[in-house]
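So the structure is just underneath, and the comments pick up after that.
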Amino acid sequence: MGSAAVEGMNPKVQISYFDPFHLFDGLRSEIGQRLPLTNLHWKSEGGTLKTISSLNVEFFSSTGDEMPQDLILKPFINCVIVSCESVEDYRSKIRPLIRNWLPSQEELYCTNIVVLHSNKEILDSSIFKSVSLIEKFNKDFPSLKTLETKTVYKSNEERDAFWNGLINKLKHYLLEVLEKRINSYEATLKKEEAPNSLVLLHENLLKLYLSFQLTAEASAEIEKLDTLLSNKGFFPVKTGDLQTPVFKQNKFSVNAIRTLIATEELTFFMIQKCILEAQLELYVVSSNDKTSEKKLNDAFHRFLWRLHSSFHTSAYWLQFKFSLYDEFINLDVFENSKSDGWKLILCDLKNEQRECWIQLACSKMSYRVPLMEFDLKLTPKTDPITEETFKTEEVFYKNVVHKTKDLLKEYSSFASKRQRVMDWLSIEIALLYYDRGDYANCMIILQSSYDFYMESHWSVIGSWLLEYYIECIEKCPDITEIDLDGDLVPKSIVLSNSYLNLLTSNSKNPRKWWTEFLNSNINKNDNLIYPLDNLFAVDIIRRVFPVQANSYGIDIFFSRKCDFDDISISSITLLMKSYADEFLEFTVSDVILSSNTSIYTLVSNSIQWCTFELVALEVVIGSTFFKKEFDSLETEDSLCLQPCQSVDSFKVNVAKYVEQVFDKNYLRLRFENTQNVDQFTFNIQSMNQDEIFFANGESSLVVSSFETLRVWFEKKSQSTCKFSIKTTLSFTKCNVQFVETCIHEVDCKLPLDVSVEDVYSKDTLVFDFSLKSLSDEIIFLFDASLTADTDTKYVISDTQTLSEPALLTPTAKLPYHIFFQLSNKSGSFLAADKFNLSVKYLRAQQYFKEVIECMIPTDSNNIIDYSYWQNSVIPSLRFDYRAFELSRKLTVISDFTVTLELLRPIKDLRLKSQITDILKKLESGISIDEASHCERETMLHELIVPVSIPKLTTFYSIQFKQMTRNEELKTGIPSLFEVKVTDLSDTWELSAKSDVPVFTIINCSEWIVGGKRRFEINSKHIIISVNLIPLRRGYLSYPAIEITNTSGDATGEIDYLNSNDKLLVF
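Quick note: the sequence shown, position 146, residue 144 per my numbering, numbers continuous.
Written as structure tokens, this is what we have:
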């Protein structure tokens, strides 16, 4: 019956057919295959184009009599089906029949059609000599539309195309009639004022829109009808009587309201009933509308609420309401609904029906159900079937449990959306068990319920249920273990946890539960670990500070979540873990929590300067452990430990830049505060074994002597520019062990390029060192010195100690020169003699950092903020190197507002004010001469470069002397000169000569040599006379010379004594 009822409520568009020759059966199959009609497109005046996806059409047989007067009852299309084989058939039968049929069907708001059914030859042939049968029809009956049908086709494709065309014409005719009828109703509505007529028009429009599944328009008409009928000025109706059943499922209602008005049966109840039925019909045709279910549900509850306002004092109201729920929930139209949304709505309706039934039973029989209170002044009337479900108290409580459990089972498919409803239903059953003394079953249900409300911070409900839960446990002496999520847990443990949970809830007597908890825990001695958050709120200050030399502390605020006596805490331990899975503990022992909030300093003698994740905080009270575990995925549970050693801490500083000595790389170390240190080890380990190695190819090295100031290492790849090392300082001081670990990033790019040129003279050697910056920043040169391996042999000019640092800028076009002159005390200048150039320097960033640090003296009482200033604020500053080159002013180009944001962690207002003043000055620039200079030792970088004397092939001293000193030199006139050539092999180490050297005077644009200009040097000392002819006037340099071998290749060095002299030529 269900599907038939739904079919009955589904409105249809009607097409009547008059079939005098019994031809329709031959067409029924083709038409039936194409029903319902699909994809009709309709556009209202001023509206948007809408698609009617499916239209139900009903063909019904007509006798050809006159149609009904009511427009809504008239078919949309009237058709007569005929067949014609000859002219005689047409004249004698067909034409008279149509002429008799047509007057009874003339109607503006219907479409009349003649369906000619015959074979194609008859339709196409000219049986009337000059015209075809179709043309004859159109001539004789111009008001009729003519359609042809046939039963013989050349192919399936032709048949499909033929019928598709015919169906499209039917769609067009139907939409034409729809438009005409809508226009007719709307035109009448504009003129009509009578309420009854207005109701009829809106009701007819509603049915029209429902027939064509125009849901938005139909919904609007329902609202208009509701508004119109609710107007008591138009319809001053009586309340009426409650009637069941409410819904008619077997037929689509037409003019129901008009009929009630006409028969004077319209009441408040009937109006609401008709509106709800209309909403149900709208739901039937709105199956594709996702909101249709909610709209119907809202309409049903609106119907209930309106009836409640008029009938709630009636003795029949509760029985009617219960029966209405039953009727609505079991409507056949919902039988095939697969929508989860509607199934959930039905669950909610069943829950409401259950509550209605409980109210009905309690009001009738004076029963009591926990959590439900009802007005018992009115005794309701009930039908025998309903009353049978609660005839005795035992039957009633059994049915309450049964109905609730069935409802919970249905709700289980929608747990994510109705979990709280399910929880409350479970609580109702649990308290029903409690009332009836079934504590075991009550305990099982409350076990999960109270837990949810406590975790959801609904502590009032949670603690209320928890007290019931505890009472149930205590009233079940035979229970020793309780099943919690599949694990059997001792009863005492469950009670202990429950006491703690009550402590943090809105319990009125926390001292009682704290005492119960301590007694339970001491008596059972289960050594359990309880959640710390249940009892205390903790706030960990995210900064580590020195409490004494090499000892560090972290502050934790404790606050109690409940009011009880002072607590003696045995120990508090904070556990952290680095990203390298290394653990660090801070602890404190034997403290008293005597107020609501206390602060404790946890201390550790082992520290590692890196980022840690908080792992756990453990508090021990007597023999009871409380623990808080931190979520490593939460960024607020991380802690970056910044170096903040106290001024008297023992520490080993590692320079962040390498030093190079004789082409070897070294790490520079500096020890501070070594006094009272019993023994120590300083372990240096490469973080990446593919970057560097130490002695014997090891990836780590241990330093245990204060004398070790440099540590040699080698890069595995010359392309390595930076590397990281991990250092661990372990030492004992006054029999206390300390450990300090740090990660250092070391820059191994040398910022300086050093080259040397040798300048030779008869008995001295000058090294000309050229220094260039290879860095992007300025290099400050503080000191340069040259030392010889043999200190007694050479005299070296003084070390170049600079009164102020020299600047090597990356933009400088010319290198910076340093000269050292060597004199030989005894013996020769030998290639085997070695020298070392030492250059001490600082990068600009380091130098400026030192200068700025010295502007604020170290305060041992505020080492935390000062360390933050040193390690976080100063390294963030960006300096204007170009401004320093031009004006010797220290200027920052950092964003001042961003830098000020960095000062937030500094707590000391005086220090913050000092820093702010310095930053403001740095914005405009501070002269480097005005800035305070450091008095403490600066860790300068040193570059040591080996230098040696090149081994020469030959070395001669050459000197020209004019023979006629008082004679003027004139252009073009030869002058006699004496040339002395002296071999210096006695002073310099020379290699053995392979052939005789040749001395040559070179002609040039200023001089030519008159006569011989090439001479063999066949002794240690020769004197040559030559004629030099000047070619131009002025001050002329002496002519160029060279010493070559016999092949003409230059060889050795020359000390040309006249190289810087000038001769005046007139």
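Cβ coordinates follow ideal geometry from the N, Cα and C atoms, glycine included. Predicted model, so just to flag it, every value in this text is computed and none were measured.
Discussion item. Just to confirm my understanding: we take GLN640, look at its own chain, exclude 5 residues before and 5 after, and list those with CB closer than 6 Å. What are they?
Written reply: One-based indexing of the sequence shown puts residue 640 at position 642. Excluding sequence neighbours, GLN640 sits near ASN869.
Fill in: CB-CB length for ARG876 against GLU775, believed under 8 Å
Counted from its first residue, the sequence shown places residue 876 at position 878. Counted from its first residue, the sequence shown places residue 775 at position 777. Not really, about 11 Å apart at Cβ, beyond 8 Å.
Worksheet item: In this structure, does DSSP put TYR814 in helix, strand or coil?
Response: On the sequence shown, position 816 is the one that residue 814 refers to. Reduced to three states, the DSSP call for TYR814 is strand.
Item to complete: Might you give, ordered along the chain, the residues of its own chain that have their beta carbon closer than 7 Å to the beta carbon of GLN677, omitting 5 neighbours on each side?
Response: As a working mapping, residue 677 is identified with position 679 in the sequence shown. Only PHE729 and THR730 meet the Cβ criterion.
Worksheet entry | For ARG934, three-class secondary structure by DSSP | Here residue 934 corresponds to residue number 936 of the sequence shown, with the count starting at 1. At ARG934, the pLDDT of 48 sits below 50, so the modelled position is not reliable and the matter cannot be decided from this model.
Worksheet item: Taking C-alpha atoms, which residue in ILE1039, GLY1009, ASP1053 and ASN1001 lies nearest to LEU1029?
Response: As a first step, residue 1029 must be located in the sequence shown, where it is residue number 1031. It is ASN1001 whose Cα lies nearest to the Cα of LEU1029.
Worksheet item: Among PHE160, LEU206 and ASN162, which one has its Cα closest to the Cα of LYS178?
Response: For the purposes of this step, residue 178 is identified with residue 180 of the sequence shown, where counting begins at 1. Among PHE160, LEU206 and ASN162, the Cα nearest to that of LYS178 is on LEU206.
Discussion item. Any heavy atom of the ligand HEM inside 7 Å of the beta-carbon of THR1042?
Written reply: The ligand HEM is not among the ligands present in this structure, which contains no ligands whatsoever.
Item to complete: Could you pull out every residue in the same chain whose Cβ sits closer than 6 Å to the Cβ of ILE1020, ignoring the five residues on either side in sequence?
Response: By 1-based counting over the sequence shown, the position of residue 1020 is 1022. Only VAL979 meet the Cβ criterion.
Worksheet item: Using DSSP with H/G/I as helix, E/B as strand and the rest coil, what is GLU755?
Response: By 1-based counting over the sequence shown, the position of residue 755 is 757. DSSP places GLU755 in strand when its eight states are reduced to three.
Worksheet item: Is SER116 helix, strand or coil when you go by DSSP?
Response: The residue labelled residue 116 in the question sits at position 118 within the sequence shown. It is coil, neither helix nor strand.
Worksheet entry | Cutoff 6 Å; reference VAL586; Cβ partners in own chain excluding five residues on either side | As a position in the sequence shown, residue 586 is number 588, starting the count at 1. Cβ neighbours of VAL586 beyond the five flanking positions: ILE570, TYR598 and LEU600.
Discussion item. Among the candidates VAL112, GLN643, ASN663 and GLN687, whose CA atom is the shortest distance from the CA of GLU1149?
Written reply: Lying outside -1 to 1064, the shown extent of the chain, residue 1149 is not represented and no answer is given.
Worksheet item: What does THR610 pair with, by DSSP beta-bridge criteria?
Response: Walking along the sequence shown from the start, residue 610 turns up at place 612. Reading off the sequence, residue 610 comes out as Phe, not Thr. PHE610 is bridged to SER576 and LEU637.
Worksheet item: Roughly how many angstroms lie between the CA atoms of VAL492 and SER596, to the nearest whole one?
Response: Along the sequence shown, read from residue 1 onward, the residue named residue 492 stands at position 494. Along the sequence shown, read from residue 1 onward, the residue named residue 596 stands at position 598. Cα to Cα, the separation comes out at about 30 Å.
Worksheet item: Does the separation of the CB atoms of PHE298 and LEU316 fall below 8 Å?
Response: Position 300 of the sequence shown holds residue 298. Position 318 of the sequence shown holds residue 316. No, these two residues do not count as a Cβ contact at 8 Å.
Worksheet item: Between the C-alpha atoms of PHE232 and LEU226, what's the straight-line distance to the nearest angstrom?
Response: Locating residue 232 in the sequence shown gives position 234, counting from the first residue. Locating residue 226 in the sequence shown gives position 228, counting from the first residue. Rounded to whole angstroms, PHE232 to LEU226 spans 8 Å at the Cα level.
Worksheet item: Alpha carbon to alpha carbon, what distance is there between LYS148 and ILE120?
Response: Numbered from its first residue, the sequence shown carries residue 120 at position 122. Numbered from its first residue, the sequence shown carries residue 148 at position 150. For ILE120, the predicted model reports a pLDDT of 48, less than 50, meaning its position is unreliable; a value from the coordinates is still stated below. Roughly 10 Å between the two C-alpha positions.
Worksheet item: Taking the alpha helix (DSSP H) that ARG32 falls in, what are its first and last residues?
Response: Stepping through the sequence shown from its first residue, residue 32 is reached at position 34. First-last for ARG32: undefined, no H or E at that position.
Item to complete: Using only alpha-carbon positions, find the residue among SER602, ILE999, TRP303 and ASN663 that is nearest to VAL1024.
Response: Taking the first residue of the sequence shown as 1, we reach residue 1024 at position 1026. Minimum Cα distance to VAL1024 is reached at ILE999.
Discussion item. In whole angstroms, give me the CA-to-CA distance for ASP563 and ASP346.
Written reply: Position 565 of the sequence shown, counting from 1, holds the residue named residue 563. Position 348 of the sequence shown, counting from 1, holds the residue named residue 346. Spanning the two alpha carbons is a distance of roughly 49 Å.
Worksheet item: Hey, would you say SER557 sits closer than 8 Å to PHE584, going by beta carbons?
Response: Numbered from 1 along the sequence shown, position 559 holds the residue referred to as residue 557. Numbered from 1 along the sequence shown, position 586 holds the residue referred to as residue 584. Not in contact: SER557 and PHE584 (Cβ atoms no closer than 8 Å).
Practice prompt. Rounded to whole angstroms, what's the CA-CA distance from ARG157 to TYR151? Just pull it up for me.
Written response: In the sequence shown, counting from the first residue as 1, residue 157 sits at position 159. In the sequence shown, counting from the first residue as 1, residue 151 sits at position 153. Roughly 6 Å separates the two Cα atoms.
Discussion item. Let me confirm a value: GLN241 is counted as buried when at least 16 other C-beta atoms fall within 10 Å, else exposed. Which label applies?
Written reply: Numbered from its first residue, the sequence shown carries residue 241 at position 243. Flag for GLN241 reads exposed.
Item to complete: Assuming LEU988 and THR952 form a contact by the criterion Cβ under 8 Å, report the distance between their Cβ atoms to the nearest whole angstrom.
Response: By 1-based counting over the sequence shown, the position of residue 988 is 990. By 1-based counting over the sequence shown, the position of residue 952 is 954. Right, their Cβ atoms sit about 6 Å apart.
Worksheet entry | Beta-carbon proximity list for TYR879, same chain, < 7 Å, skipping 5 on both sides | Here residue 879 is taken as the residue at index 881 of the sequence shown, counted from 1. If we look at TYR879 and ignore the five residues flanking it on each side, its Cβ neighbours are GLU775, ILE776 and ALA842.
Fill in: alpha helix (DSSP H) segment containing ASN548, residue limits
For this step, residue 548 is matched to residue 550 along the sequence shown. Unbroken run through ASN548: none, as it is neither H nor E.
Discussion item. Are the CB atoms of VAL996 and LEU1034 within a distance shorter than 8 Å?
Written reply: Within the sequence shown, the letter at position 1036 stands for residue 1034. Within the sequence shown, the letter at position 998 stands for residue 996. Not in contact: LEU1034 and VAL996 (Cβ atoms no closer than 8 Å).
Worksheet item: What's the gap between the Cα of THR807 and the Cα of LEU967?
Response: Position 809 of the sequence shown, counted from the start, is the residue given in the question as residue 807. Position 969 of the sequence shown, counted from the start, is the residue given in the question as residue 967. Roughly 48 Å separates the two Cα atoms.
Worksheet item: Does DSSP put ASP553 in a helix, a strand or coil?
Response: Along the sequence shown, one-based indexing puts residue 553 at 555. If DSSP states are grouped into helix, strand and coil, ASP553 belongs with the strands.
Worksheet item: What residue from PHE58, PHE19 and GLU43 has the CA that sits closest to GLY30's CA?
Response: Looking up residue 30 in the sequence shown gives position 32. The residue with the shortest Cα to Cα distance from GLY30 is PHE58.
Worksheet item: Excluding the five sequence neighbours on either side, which residues of its own chain have a C-beta within less than 7 Å of the C-beta of THR265, listed in chain order?
Response: Working through the sequence shown from its first residue, we reach residue 265 at position 267. Closer than 7 Å at the Cβ level, and outside the excluded window around THR265, lie VAL235, LYS236, THR237 and GLY238.
Worksheet entry | Nearest candidate by alpha-carbon position, reference GLY970, set GLY1008, MET420 and PHE958 | As a first step, residue 970 is located in the sequence shown; it is residue number 972 there, counting from the start. Checking every option, the nearest Cα to that of GLY970 belongs to GLY1008.
Item to complete: Can you give me the Cβ contacts of LEU463 inside the same chain, cut-off strictly under 6 Å, excluding the 5 residues immediately before and after it?
Response: Translated into positions along the sequence shown, residue 463 becomes position 465. Correct list, in chain order: LEU444, SER447 and TYR448.
Worksheet item: What is the C-beta distance between LEU950 and TRP1005, in whole angstroms, given that I count them as a contact (C-beta under 8 Å)?
Response: Here residue 950 refers to the residue found at position 952 of the sequence shown. Here residue 1005 refers to the residue found at position 1007 of the sequence shown. That belief does not hold up - the Cβ atoms of LEU950 and TRP1005 are roughly 28 Å apart, past 8 Å.
Fill in: Local Cβ density within 10 Å of ILE682, reported as buried at 16 or more and exposed below that
Locating residue 682 in the sequence shown gives position 684, where the first residue counts as 1. By the neighbour-count rule (16 or more Cβ atoms within 10 Å), ILE682 is buried.
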